[in-house]
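Notes follow the structure.
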């Protein structure tokens with residue numbers, strides 16, 4: 005046992021007992037029989053919803069307005085009764101933050117979190133500080149061969165001051181963590197990140213998709229090496245096969261997708277099989293609903309709705325994240341019994357609208373999947389006049405790359421069926437917002453917009 009592992013074990017049994025205990029619980033949960041896991045999810049779902057109805061004016065009134073009596077709430081383990089609970093969204097939460105806060109909220113028990121505002125509507129929520137978040141990540145890292153005490157490098161939105169940096173370094177010693185701010189993707193930032201990685205030799209590089217692509221281009225262009233990495237993990241945007249291929253070519257390690265959001269933290273992550281994301285169903289309940297907020301069968305794409313099973317200071321119950329995705333019925337061959345979801349397909353707002361009133365959403369993110377190595381990045385931008393521009397950063401080293409790209413764009417033209425012109429533009433780079441990339445942009449207002 006080396007120093008870092010010994011220090012982690014000591015802290016997990018002393019100053020971080022609560023963190024260590026939750027980590028051990030999560031490791032045990034991931035091997036439970038599926039029926040037992042489902043029962044655990046149902047029990048914790050019923051408990052948090054009943055608590056919210058009792059402790060907050062918002063949920064008490066909301067459930068009463070939808071005809072849910074206290075007797076109904078006592079039967080929330082029943083999926084049919086659970087499905088009667090109304091869905092809430094970002095706007096509702098933003099308008100009712102005060103009424104959603106429970107009597108257990110205090111400066112000691114809350115941890116503020118602010119969304120990045122990529123949808124144009126930033127939101128501030130309160131996490132329950134009594135519930136450790138890192139064990140969720142550690143369990144997922146273990147699937148990739150990365151241990152909690154390994155050195156890490158992260159490239160995302162960070163706002164740590166000097167005092168916070170010193171505090172974090174002391175808390176993690178002798179392990180070391182490198183942070184780079186994805187809001188400042190400049191040559192100096194990329195160079196500094198690589199220099200820090202050379203000094204710390206991290207096992208995992210984790211960050212926003214857009215920021216990692218820029219760093220990969222920097223590493224590739226300058227002939228740099230990162231031989232100590234065991235894994236790369238992406239967040240903040242869907243991991244397309246084009247991006248996965250590019251990152252794996254440069255970093256020469258597996259690239260994994262993880263699903264998280266500022267409102268709820270970690271929710272799901274890929275394992276070594278890379279055949280979907282394991283849902284952290286012992287801590288988060290993920291549902292996929294249709295346009296009428298009814299559950300859809302496995303394999304059917306719909307709106308992703310999440311319940312935080314642990315937040316007792318500002319409960320988020322059946323919260324519509326604004327993402328599209330699907331659950332699967334398959335058991336993963338890796339041996340982890342946590343349920344599996346397909347990779348999220350993008351935001352519910354990632355829609356191309358046509359003059360006839362038709363809309364395209366499904367598989368836009370996968371339009372280049374048959375020849376993923378031909379494309380480094382792409383973006384679909386619909387103008388206000390319905391015309392569509394597909395901007396592509398091509399990998400010109402791939403034989404017939406432009407032929408493959410033009411075939412995929414022609415398929416999109418066929419899907420549009422002549423209702424709007426589709427133009428292809430080859431570009432050298434795409435714009436980022438604080439390290440995040442938006443794959444689909446539409447300037448066409450929804451038909452029901454006032």
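Residue numbers (the working numbering): 5 to 454.
For every residue, glycine included, the Cβ atom is placed at its ideal position computed from N, Cα and C.
Spatial neighbours of residue 306 in its own chain (CB-CB distance under 6 Å, excluding positions within 5 residues in sequence) are listed in chain order as 292, 293, 294 and 300. Annotation: residue 290 to residue 313 spans about 10 Å, alpha carbon to alpha carbon. The Cβ-Cβ distance between residue 363 and residue 349 does not fall below 9 Å. Here residue 410 has 428 as same chain residues with Cβ atoms under 7 Å from its own Cβ, once five neighbours each way along the sequence are excluded.
Rounded to the nearest angstrom, the Cβ distance from residue 119 to residue 130 is 13 Å, too far for a contact under 8 Å. Straight through space, the alpha carbons of residue 18 and residue 200 are spaced by roughly 30 Å.
In the structure shown, residue 385 adopts extended strand secondary structure according to DSSP, grouped into three states. Under the three-state reduction of DSSP, residue 311 is assigned to strand. The C-beta of residue 177 has fewer than 16 other C-beta atoms within 10 Å across all chains shown, which makes the residue exposed.
For residue 291, the enclosing beta strand (DSSP E) starts and ends at 288-293. Taking every protein chain shown into account, the CB of residue 407 has fewer than 16 other CB atoms within 10 angstroms, so this residue is exposed.
Following the DSSP letters along the chain, one finds residue 45 inside the alpha helix (DSSP H) bounded by residues 38-59. Rounded to whole angstroms, the gap between the alpha carbons of residue 379 and residue 398 is 5 Å. In this structure, residue 239 lies near residue 213, with their beta-carbon atoms less than 9 Å apart.
Three or more Cβ pairs drawn from the segment 141-158 and the segment 25-37 lie within less than 8 Å of each other, which places the two stretches in contact. In this structure, the straight-line span from the alpha carbon of residue 137 to that of residue 393 is close to 40 Å.
With contact defined as three or more Cβ pairs closer than 8 Å, the segment 256-271 and the segment 54-61 are not in contact. Here the alpha carbons of residue 308 and residue 420 stand approximately 26 Å from one another. Boundaries of the beta strand (DSSP E) around residue 270: 269-274.
Only exposed fits residue 112, as fewer than 16 other CB atoms lie within 10 angstroms of its CB.
Between residue 142 and residue 276 the beta-carbon gap is near 16 Å, outside 8 Å, which marks them as no contact. Residue environment for residue 386: buried (at least 16 other C-beta atoms within 10 angstroms of its C-beta). Restricting attention to 76, 133 and 92, the CA atom closest to the CA of residue 22 is found in 133. Using a Cβ distance threshold of 9 Å, residue 188 and residue 281 do not count as a contacting pair.
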